[in-house]
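Which chain is which? The protein sequence lines are G and B, in order. The end of the first sequence is residue 177 by this note's numbering, with every number in the run present. The end of the second sequence is residue 1177 by this note's numbering, with every number in the run present.
Protein chains: 2
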Amino acid sequence: MRLYTIGQVAAMFHLPISTLRYYDKEGLFPNLERRAGIRRFSQQDLKALQVIECLKKTGLEIKDIKQFMQWCTEGASTYAQRHALFARQRAVVEAEIEHMQRILNMVRYKCWYYETAMCEGHEERLRNLSPADMPQEIRQAYERAHMLTPEDTLDTSDFANNGALEASASDEKLGEC
Amino acid sequence: MRLYTIGQVAAMFHLPISTLRYYDKEGLFPNLERRAGIRRFSQQDLKALQVIECLKKTGLEIKDIKQFMQWCTEGASTYAQRHALFARQRAVVEAEIEHMQRILNMVRYKCWYYETAMCEGHEERLRNLSPADMPQEIRQAYERAHMLTPEDTLDTSDFANNGALEASASDEKLGEC
DNA sequence: CATTGACCTAAAGTCAGGTTCAGGTGTTAT
DNA sequence: ATAACACCTGAACCTGACTTTAGGTCAATG
């Protein structure tokens, strides 16, 4: 069975050697062999590394990956745990995507805002615009961006009550969200 | 014009005081007033803070936000820069969402894999499954998860050429991606 | 025999976006 | 007058996933 040095593995996977040593130190290669102190990567370790790369993409942390590796060495008795790990991760990723969608709508709105400001040369009209006056597409983006979720509610009620909208005496204004 | 202490602003925005001091130190309140060393937040500063919260959601870094604040104080001459900032950010967020979609597909596949493993009590059948044998929905997830993009290509060609698929002598195997 | 090159270690450094701490000032309430 | 409270500062600390550094072993090559 062929064995590889750390340098060979680094080249194969286009990873820095330091990263492999770090993974090893973190316990991601439970059965890594050594001879005279030098790491010798087996086929099994290469497969483990493939799995590590894959799990990293799913957004799992190193310590979760280590746990997963441990479970894998324990066989069929840990299917339920492994399934739970991914089920949890699925929820995390789904939430994250939804969050990013809202952010995208916010950014889209901002793009439109400054495009328009550039065309008109000023923000006067823009500043007094209500969503109803915006182009359909932008209004939708704006509204989707401002749908409140528990996670990122921006409660400025006190602020508003204290007169947020009174004309400020400042010469320069900031674009609103 | 009403002025607020740092504690009042923190309460209004549900932010820790330390965060506001940090933002100030980073230059996010260019015109923040002080009396006897004590910060006094004006309406303008509260608006700035609203904008900061908003821009943070768009994924911008503190230093970009600082830059944006600076541009805002420079008036209409910086519309183009501000637009460019958001246009760039839009591309970033769009790419990130696409990336997350692929990750989600990977996680979905993993969920299915372990659900099935739990049902069957082992991975024998699963391990030899080709995409064609998977349920329609899972096959799609699997295939979408494995579409290669420049960003996260996993080039294991050398590895494969060196016999990655030779049966490993290890007693325990790891689930593949 | 000296240098290069591949490997090893422990420990410190890096990045962002804060948070915490130790120590100090100033105003108000008892 | 002394305690409580809100504010201030600079500096250290935090997380995660690495990377870098400093110093050391060992084998082959000129």
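By construction, the Cβ of each residue, glycine as well, lies at the ideal position given by its N, Cα and C atoms. If you're wondering where the values come from, they're calculated on a predicted model, not measured in any experiment.
message: Going by DSSP in three states, G/GLU74 sits in which element: helix, strand or coil?
response: Secondary structure at G/GLU74: coil, using DSSP grouped into helix, strand and coil.
message: So for B/PHE1068, helix, strand or coil by DSSP?
response: Reduced to three states, the DSSP call for B/PHE1068 is helix.
query: Given that a residue counts as buried once 16 or more other Cβ atoms are within 10 Å of its Cβ, and exposed if not, what is B/LEU1031?
result: A small correction: the amino acid at residue 1031 of chain B is Asn; Leu does not occupy that position in the sequence shown. Exposed.
- prompt: Sorted by chain position, which residues of the same chain lie with C-beta nearer than 8 Å to B/ARG1082's C-beta, five sequence neighbours on each side aside?
  reply: If we look at B/ARG1082 and ignore the five residues flanking it on each side, its Cβ neighbours are PHE1068, TRP1071 and CYS1072.
- prompt: Would DSSP call G/PHE41 helix, strand or coil?
  reply: Three-state DSSP puts G/PHE41 in a strand.
- request: Would you identify the three-state DSSP class for G/ARG2, choosing helix, strand or coil?
  value: The three-state reading of DSSP puts G/ARG2 in coil, since its state is none of H, G, I, E or B.
- request: Please confirm whether B/ALA1076 and B/ASN1105 have their CB atoms less than 7 Å apart.
  value: For the 7 Å CB-CB criterion, B/ALA1076 and B/ASN1105 do not form a contact.
Any chain B beta carbon closer than 7 Å to G/HIS122: Taking Cβ atoms only, chain B reaches closer than 7 Å to G/HIS122, which makes this a yes.
query: How far does the alpha helix (DSSP H) with G/GLU120 in it reach, from first residue to last?
result: Residues 79 to 120.
- prompt: What does B/ILE1103 reach in chain G if we use C-beta pairs closer than 8 Å?
  reply: The contact set of B/ILE1103 on chain G, defined by CB atoms closer than 8 Å, consists of LYS57, THR58, GLY59 and VAL93 in chain order.
field: G/ARG90 at chain B interface by Cβ criterion, 7 Å
entry: Look at G/ARG90: its C-beta is under 7 Å from a C-beta on chain B.
query: Name the residues in the segment 1060 to 1077 of chain B whose C-beta lies less than 7 Å from a C-beta of chain G; which are they?
result: The residues in question are CYS1072, THR1073, GLY1075 and ALA1076.
field: Nearest-angstrom Cα separation, counted from B/LEU1028 out to G/LEU3
entry: Roughly 55 Å separates the two Cα atoms.
message: Measuring only the C-alpha atoms, how far is G/GLU74 from G/LEU55?
response: Answer to the nearest angstrom: the Cα atoms are 18 Å apart.
- prompt: If we cut at 7 Å on Cβ distances, does B/ALA1117 have a partner in chain G?
  reply: Yes, B/ALA1117 lies at the interface with chain G (some Cβ there is under 7 Å from its Cβ).
- prompt: Under a CB-based cut-off of 7 Å, is B/MET1134 close to chain G?
  reply: With 7 Å as the cut-off, B/MET1134 does not count as an interface residue toward chain G.
message: With DSSP as the reference, identify every bridge partner of B/ARG1034, one or two as the case may be.
response: Partner(s): B/ARG1039.
query: Nearest-angstrom Cα distance between G/ARG125 and B/THR1005?
result: Using only the alpha carbons, I get a separation of about 33 Å.
task: Can you give me, in chain order, the residues of the segment 1015 to 1026 of chain B that have a beta carbon less than 8 Å from any beta carbon in chain G?
output: So the list is empty, because no residue satisfies the distance condition.
- prompt: If G/TYR109 and G/TYR142 are in contact, beta carbons under 8 Å, what's the gap, nearest whole angstrom?
  reply: Rounded, the Cβ-Cβ distance is 5 Å, consistent with contact.
task: Whole angstroms is fine: what's the gap from G/TYR22's alpha carbon to G/GLN43's?
output: Going from the Cα of G/TYR22 to the Cα of G/GLN43 covers about 19 Å.
task: Can you give me the Cβ contacts of B/GLU1026 inside the same chain, cut-off strictly under 7 Å, excluding the 5 residues immediately before and after it?
output: Beyond the five residues adjoining it in sequence on each side, B/GLU1026 comes within less than 7 Å, by CB distance, of ILE1062 and LYS1066 in the same chain, given in chain order.
message: So for B/PRO1131, helix, strand or coil by DSSP?
response: Correct three-state label for B/PRO1131: helix.
task: State the DSSP-derived secondary structure class of B/GLU1026, mapped to helix, strand or coil.
output: B/GLU1026 falls in the coil class under three-state DSSP.
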